[in-house]
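Step one of this worksheet: look at the structure below.
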């Protein structure tokens, strides 16, 4: 019989089998590998989505039956002994509850669409099977992360997705910048992972288990939830393990450490610097990993531990403020970026900040709601931008695009939907999720007004830079000569001398003037293949209807309620409909401003709002806002300055004093002594095997005599 | 009585043959002497009513292993006749002395000398244990620990075959 | 009357001869043969002891020892042939790369 | 025919080995010249020549004359030969050839015991329970005679011939062993007379209906193992046995055109005669084994009157002679194989085929259920609890 746990196991197993298949596809299918992989890889993920859907169907009634603390569905976790070391017993267990199911559906659903898209996007890459191997492995790891029934399993997935992210960012590893970006992501994530690991160890030492839920009610979240129910939020010290209360300080430490992990994975200040660089990977990677799924795992984790966080208000405040700051910083930087994918990357950073803000103010459902809608429309945007880049033969710089609306009308249409969704145009999904966050921020006691204000500013900026992106890409006059685009495909094996950052590769622009040359008979800019467009349509449709559906029916909230209850304690000074109006106004204002400015830019030279000389002048002043934002608040430079310099000095200290002086001195001294003895004993080493054998016999003889002697003594 | 005579004859034969193996300078004769020892040992096995092992001893040791030795000796001798000549040194004397000491120590230990035959086992009971059937039944009996080693041995042999081929192949 | 001790002593003698052979000979093939003799001596004592205790275990051990010996010889002789090919000699005293 | 157990106070069954030994050796030694004569006559017949016709009536004494010639020929020893081994080699060969015959079951004799019971005893030299293994062991020792002869002659043709012969022997021993294993698996015993016994039932496991027809086919040609094991093993065995005896078309070790006379190039006079003897004895032995394993040994082809009149050992000899005729026939018909073709046939065709067939038969015999126990030991394995509980350490410390 198929039980839920078995079914849930298959959600993970299917992509894993796909991963195994793709890894050995070349061996199995020889020349047909690419073709087979392009069917198998999306197939398994979509199949997993189907399984997840089935689990939801079978479990949805149950979930509501058990709307108790933790709302677990008892007996639905498949537990097999995994680690059994002394007193340490950790099971391989799955937790099937609304949260994990929601994430599983996002990962497999959106992931499946992106897989389909990638079959078109990666079709020409000779290393396509390797790409899909990583991709399926990523899906597997992500599913382990969300479905795992204890912190250690989550950590396995956590590290696994990190590895896949690294592998995929540096997929075209022959370009050193990609490899460096991969390294950066990996190393920055290590910092976060250390925090997570420490938090996990602390949990182990405090709670004595890592499982969220156990049959005897001693699971981490069970205890936390019990505390929550008992004393509500007022009575702290409510969590007790074996009758001993856990102090708030310890809980706060745990939560902060876990949040450090989330910072790394979800690109929050101060560990956010890797995400923009991660755009070096192929666009489907950016869409799947660095927008829709992996980066949201921090939010998932915080939501998962909401019972813990609810007992540690300081930690929650930290989460909220960090989220807000990140959202603000990301949005400001997004205003001035020129690389289409980087704009989206900063937008992602900013939106992630939003989600943490929601968690910080206690409205986890809103956070997860935004996770879901963001997964849909950000995937849409990234995939759309991928289609644009694909159409532009690999060009990513918006300054060299423009005028694409007529050429790739369908792409423009879906991008437009995505833009309005993220900007929060009323009716589209981003509007509802964002508004809910803003509303709960406003309800937050004490600092509600401040959070709300900054949030609105961010929303405004979001609308602005998204419309800017649309205009620069599709709207203004074309900044390239159709038919003479240099081919810049992202394959490992192409020549990368002209990788889009070199203006002189476009020397013809100056000679022939700016403008579209239509007379070439065939246009290089073309609509993407159906395998890329269909996922876009699906995502666009979802972007339109999902938010409204979820909000109107309340299904989403009801679904998630058991695991992430509403913990906002204050009262908002304005009604919800009032909030709707305000957010709508802000979004439309942002869009309009960009529209006005860049319609103007349309007539200007090279589609820039300001002439190039002005910008050059600005760039000379490092504190000028433009330069400041363009260089990401000098964040990388500061990091380099602090960590690299100090680290370097420390390393030199270690090298010169500790290594060369103390260690080498000791070793060499020992070496001298040993050498002296060696010179003495070297004569024994004849190199003749039989001499050694003789020595062995002598040894055996001594042993035999020793045993004999001991027997004799024993006999007496 | 017949077994006593057989034992002593075979014992003397086997010891003489093995000493001859060590003493002779010609490797082919060494090998032949060793074959003689092996056949004597096989005969001992029959005396000890381990008929199957005796047959296998002859087939594997005398029939396969020593033929392989002979092959290699001949093969290498073809290349350079002088390669296998022996030279004298101090080592043999020390080695022999130590070896004899070792033997004496073993004998002195007394553990070898204190086992009368039979020790509570009548030969008639033991007799059937040496047949192919008995060995086979015991070897594949899941209640006994031999099944896994048996399978492992097959893997070992496969590995050895591959290893030998790789090692001896002229062009790798 | 032939007792188990007879066989054990014989086995010890054969073993010792094998040991001495290993130490004395310079031809690796002959050394190998001496090792085989030692193995056989051990096998003999296994069988004799198995007989002594009326157990089939002694014979089982010998079966495995035989198989392992066969494997060992095939690989060992392969090594010797390989050494001969590369060094044009198999005298163990000339194959002394281990000497410092 | 039923013999009494005691005749004049002599225990007849205990005399069987000596009778068998005398009979076997006597028969082999007397038939040998005849064999050579038969071979020459048959080949002459097949190749439309007259064959031996000078010495004696129809050249019958030709072989005798040859033997006399060999006896008195000068014995030449190469100067640089390793004399001891040079002498040892032919003896080894002949000894191995003869001693393999020790376990061939010539006939089954029935005795009426003193208490009135009937008991059967096989007419063999050594009725050992490892009969088949014994023959395999002895035939694996045959290599030595050949290799040593080749090596000690200190002649490159000899050495090459010796190496070839031994490589051939080793290669084909495997296929031979596999074919024999098929039979052993079906018979459930290694004892040759019991293997013959196992062929005395009805063919294809038909249950006994105790009618006249059933009686005729009991132990008939259809129930022998050549058919019972599915023809493939008997083919493999036959090819392997020809290769094992270094006979044409597998007579590469003594390929005249390449190696003069192979490993016995340097042998003359009686030593050569010994190799010669060994070859023919081997032929007899492998044919005998063939007869016992696949062709029902001493069983008549049909269990009806004219056949059953002939005693079992005569049937056995007839079958052996059939094998010899087959050898001769092949020699008259086929050219010699190339060496690589020989090795290919052995390793790449017959060995895999034998393995696959053994596997198939194993599956079949699994389906048939456990083979009928032929050895008189309990089915139950000896478990540790039944074994004598003696602590070896205790003894060692005594």
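Protein chains in written order, with the working numbering: chain A, 1 to 716; chain B, 717 to 888; chain C, 889 to 988; chain D, 989 to 1386.
All residues carry an ideal CB built from backbone N, CA and C; glycine is no exception.
Alpha-carbon to alpha-carbon, residue j and residue i
i                       : j                       : result
residue 1111 of chain D : residue 690 of chain A  : 54 angstroms
residue 152 of chain A  : residue 210 of chain A  : 7 angstroms
residue 145 of chain A  : residue 1168 of chain D : 60 angstroms
residue 263 of chain A  : residue 348 of chain A  : 14 angstroms
residue 857 of chain B  : residue 1353 of chain D : 18 angstroms
residue 1153 of chain D : residue 1131 of chain D : 8 angstroms
residue 671 of chain A  : residue 663 of chain A  : 12 angstroms
residue 541 of chain A  : residue 83 of chain A   : 45 angstroms
residue 1073 of chain D : residue 924 of chain C  : 22 angstroms
Any chain B beta carbon closer than 9 angstroms to residue i
i                       : result
residue 731 of chain A  : In the structure as shown, chain A begins at 1 and stops at 716. Residue 731 of chain A is therefore absent and cannot be evaluated.
residue 704 of chain A  : yes
residue 1117 of chain D : yes
residue 700 of chain A  : yes
residue 948 of chain C  : yes
Contact set between residue i and chain A, taken where Cβ atoms lie within less than 8 angstroms
i                      : result
residue 911 of chain C : 690, 693, 694, 697
residue 814 of chain B : 694, 697, 698, 701
Residue-level contact to chain D via CB, residue i, 9 angstroms cutoff
i                      : result
residue 818 of chain B : no
residue 786 of chain B : yes
residue 748 of chain B : yes
residue 864 of chain B : no
Within chain B, the residues that residue i reaches when beta carbons sit closer than 9 angstroms
i                       : result
residue 1170 of chain D : Those do not exist, as residue 1170 of chain D stays about 15 angstroms from chain B at its closest Cβ, beyond 9 angstroms.
residue 1351 of chain D : The premise fails here: residue 1351 of chain D is roughly 16 angstroms from chain B at the closest Cβ pair, so nothing lies under 9 angstroms.
Proximity of residue i and residue j at Cβ, strictly below 9 angstroms
i                       : j                      : result
residue 286 of chain A  : residue 344 of chain A : yes
residue 261 of chain A  : residue 196 of chain A : yes
residue 310 of chain A  : residue 331 of chain A : no
residue 770 of chain B  : residue 780 of chain B : no
residue 417 of chain A  : residue 377 of chain A : yes
residue 448 of chain A  : residue 121 of chain A : no
residue 1135 of chain D : residue 783 of chain B : yes
residue 316 of chain A  : residue 361 of chain A : yes
residue 548 of chain A  : residue 444 of chain A : no
residue 338 of chain A  : residue 399 of chain A : yes
Cβ of residue i within 9 angstroms of any chain F Cβ
i                      : result
residue 810 of chain B : The chain inventory of the structure shown lacks chain F, comprising the protein chains A, B, C and D.
Within-9 angstroms CB hit, residue i to chain A
i                      : result
residue 907 of chain C : yes
residue 973 of chain C : no
residue 919 of chain C : yes
residue 939 of chain C : no
Contacts that residue i makes with chain B (C-beta to C-beta distance below 7 angstroms)
i                       : result
residue 1178 of chain D : 848
residue 1125 of chain D : 771, 774, 775, 779
Listed by chain order, chain C residues near residue i by CB distance under 9 angstroms
i                      : result
residue 859 of chain B : By Cβ distance, chain C contributes nothing, its closest Cβ being about 13 angstroms from residue 859 of chain B, past 9 angstroms.
Proximal residues of chain D, C-beta to C-beta of residue i below 9 angstroms
i                      : result
residue 790 of chain B : 1135, 1138, 1139, 1147, 1150, 1151
Cutoff 9 angstroms: residue i Cβ touching any chain C Cβ
i                      : result
residue 761 of chain B : yes
residue 725 of chain B : no
Residue i: contacting residues in chain C (beta-carbon distance under 7 angstroms)
i                      : result
residue 735 of chain B : 905
Per-residue contacts from residue i into chain D (C-beta, under 7 angstroms)
i                      : result
residue 767 of chain B : 1116, 1117, 1118
Neighbouring residues, chain C, relative to residue i (Cβ below 8 angstroms)
i                      : result
residue 879 of chain B : 962, 963, 966
Legend entry - Complete beta strand (DSSP E) runs within the region 998-1033 of chain D (minimum length 3 residues, chain order): With a minimum length of 3 residues, no continuous beta strand (DSSP E) run stays inside the region 998-1033 of chain D.
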